Amino acid sequence: MSRKVVSVWTSIPFWRRSAGWVTGFAAVLLIWLTFDSMSQITMGTDADLKNGITKRVPAPTVINYKITYEMDTRRGHEVPKIGEKEKFFGRDDWSEEEASALLRLGKLASQAKNCMNCHTLLGNGAYYAPDLTKAWLDPAWENYIPMTGSTTKEEAMSKFLQNPSMYPSHERMMPNLGITEREAIGLVAFLKHMSSIDTNGFPRNFGRMSIDGVTGAIHGK
Amino acid sequence: MIDPFVDVVPSFFATLNQGPLTLTLFLHTIIVLPMFWIYKSEKKRLEEEA
Numbered sequence: 001m002s003r004k005v006v007s008v009w010t011s012i013p014f015w016r017r018s019a020g021w022v023t024g025f026a027a028v029l030l031i032w033l034t035f036d037s038m039s040q041i042t043m044g045t046d047a048d049l050k051n052g053i054t055k056r057v058p059a060p061t062v063i064n065y066k067i068t069y070e071m072d073t074r075r076g077h078e079v080p081k082i083g084e085k086e087k088f089f090g091r092d093d094w095s096e097e098e099a100s101a102l103l104r105l106g107k108l109a110s111q112a113k114n115c116m117n118c119h120t121l122l123g124n125g126a127y128y129a130p131d132l133t134k135a136w137l138d139p140a141w142e143n144y145i146p147m148t149g150s151t152t153k154e155e156a157m158s159k160f161l162q163n164p165s166m167y168p169s170h171e172r173m174m175p176n177l178g179i180t181e182r183e184a185i186g187l188v189a190f191l192k193h194m195s196s197i198d199t200n201g202f203p204r205n206f207g208r209m210s211i212d213g214v215t216g217a218i219h220g221k
Numbered sequence: 222m223i224d225p226f227v228d229v230v231p232s233f234f235a236t237l238n239q240g241p242l243t244l245t246l247f248l249h250t251i252i253v254l255p256m257f258w259i260y261k262s263e264k265k266r267l268e269e270e271a
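Next comes the structure, spelled out in structure tokens:
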């Protein structure tokens with residue numbers, strides 16, 4: 001058999017096969033990644049919470065528990081920790097149905113009022129106003145309890161949301177969006193649940209954005 | 222380069238994607254190596270046809 005000098009680089013079948021392989025492999029990889037993400041984003045159940053099973057997205061009933069943000073030295077960033085039972089709007093026995101309904105109301109309200117037009121939620125949205133991903137854990141809310149004449153953080157948040165222009169908060173003052181009391185409760189539940197989601201430390205250095213380390217992310221920008 | 226697994230939900234891609242380097246090396250390996258085989262088989266075919 002004669003071995004002639006040939007150029008594979010000018011061969012159309014070579015490029016066709018290469019393109020076929022890369023496209024086919026990328027398609028398989030993307031389908032695999034889709035199913036891989038499903039296990040990451042699947043919401044946990046109430047039983048998981050009771051049994052101390054850690055899920056990236058906990059059950060809606062996480063609003064019955066205290067959430068803190070603690071440094072995990074092994075992972076190199078802060079992670080939300082679900083602690084003891086904590087009253088949320090005077091109750092720590094929100095059922096799965098009630099909590100889901102509340103989160104749904106909050107989610108719909110956040111979409112209807114277009115929070116993302118100014119804020120960021122889980123990496124989506126704008127950076128005009130503070131990032132809301134971990135807003136529930138923001139130490140600045142402590143100042144809002146006396147400012148709004150409230151007794152709890154959730155009450156202060158809901159009062160602020162119903163009438164934001166009444167309270168001096170940010171250089172870029174939040175406008176009144178006509179949020180009702182019920183919607184405000186839903187929004188606070190939605191924010192509390194969102195703060196319990198393990199986002200691999202996003203947004204980075206959330207609790208330490210301010211210069212004094214006390215006022216938190218709202219005044220920290 | 223390969224760090225101990227610290228993610229919440231165990232996943233093959235989370236292990237692989239410790240940083241940009243590991244995933245890049247993996248994807249290049251898996252895409253480029255079969256292309257060597259495609260190149261060689263095409264070369265053989267062209268030589269036989271010639």
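Here the protein sequences come in this chain order: A and B. With the first letter of the first sequence counted as 1, position 206 gets the number 206 in the working numbering; the numbers rise by one all the way through. For the working numbering, count along the second sequence from 1 and bump the result up by 221. Beta carbons are placed, not taken as given, at the ideal position from N, Cα and C, and that holds for glycine. Just so we're clear, the structure is a prediction, and the values are computed from it rather than from any experiment.
A:Leu122 is not a Cβ neighbour of A:Glu183, given a cutoff of 8 Å.
For A:Tyr65, the enclosing beta strand (DSSP E) starts and ends at 65-72. Within the segment 139-206 of chain A, complete alpha helix (DSSP H) segments of at least 4 residues are found at 141-147, 153-162, 181-195, given in chain order. Residue-level contact by beta carbon fails for B:Pro241 and chain A, as no gap is shorter than 8 Å. The beta carbon of A:Ser150 lies closer than 8 Å to those of Tyr144, Ala156, Lys159 in the same chain, with the five residues before and after it left out. The bridge partners DSSP lists for A:Thr120 are A:Gly125, A:Asp131. Pairing A:Phe206 with A:Lys134 gives a Cβ-Cβ distance under 8 Å.
Where A:Val79 is concerned, the enclosing beta strand (DSSP E) starts and stops at 77-85. When the five nearest sequence neighbours on each side are left out, the beta carbons in the same chain lying within less than 7 Å of the beta carbon of A:Leu177 are those of Lys113, in order along the chain. Close CB contacts of A:Leu29 within its chain, under the 8 Å cut and outside five residues either way in sequence, are absent.
A:Gly125 and A:Trp9 have their C-alpha atoms some 46 Å from each other. At least 8 Å separates the beta-carbon of A:Ile31 from that of A:Ser196. When CB distances to chain B are screened at a threshold of 7 Å, the residues of the segment 22-38 of chain A falling below it are Val22, Phe25, Leu33, Asp36, in chain order. If you ignore the 5 residues before and after A:Arg16, its C-beta comes within less than 8 Å of no other C-beta in its own chain.
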